[in-house]
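Working notes for the structure below.
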Amino acid sequence: NLAKTVLVGSYAANPWGFHDMSGNLAEWVSDWYTAAYYGTVSTDPTGPATGTQRVYKGGGWGHNSDRLRSASKWAVEPTSSDNRIGFRLALKRIN
604 NLAKTVLVGS
614 YAANPWGFHD
624 MSGNLAEWVS
634 DWYTAAYYGT
644 VSTDPTGPAT
654 GTQRVYKGGG
664 WGHNSDRLRS
674 ASKWAVEPTS
684 SDNRIGFRLA
694 LKRIN
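If you're matching positions, the sequence shown starts at 604 in the numbering used here and goes up one per residue.
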């Protein structure tokens, strides 16, 4: 409802310690889109080696609610610009 992104940590972390996983930004993944990608059910699926569209998952602040599931997958040209799609950096702490 804010019509914009928010700073990381604005909302409570999920059980794995990640903040703001749903609804802030949709996330680019490295896979190229193929129609078969959507039909497969597997752990860590990968797309084809080349293509014209990249996959992004989840939904951002301006997407409809049906896209806000982390399992939702969509495709768009990689040269597109959309302020609702970004990427997540994760850092593993070494004590």
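Beta carbons are placed, not taken as given, at the ideal position from N, Cα and C, and that holds for glycine.
For this session: Quick one: using the 10 Å Cβ neighbour count with 16 as the cut-off for buried, is residue 688 buried or exposed?
Result: buried
Problem set entry | Pairwise C-alpha distance: residue 636 and residue 669 | 20 Å
Exercise. In the structure shown, what three-state DSSP assignment does residue 670 receive?
Worked result: helix
Exercise. Helix, strand or coil: how does DSSP classify residue 638 here?
Worked result: helix
Exercise. Using a Cβ-Cβ cut-off of 7 Å (strictly less than) and excluding sequence neighbours within five positions of residue 681, which residues of its own chain qualify?
Worked result: 657
For this session: Out of 606, 697 and 623, point me to the one whose CA is closest to residue 614's CA.
Result: 623
Problem set entry | Nearest-angstrom Cα separation, counted from residue 675 out to residue 667 | 12 Å
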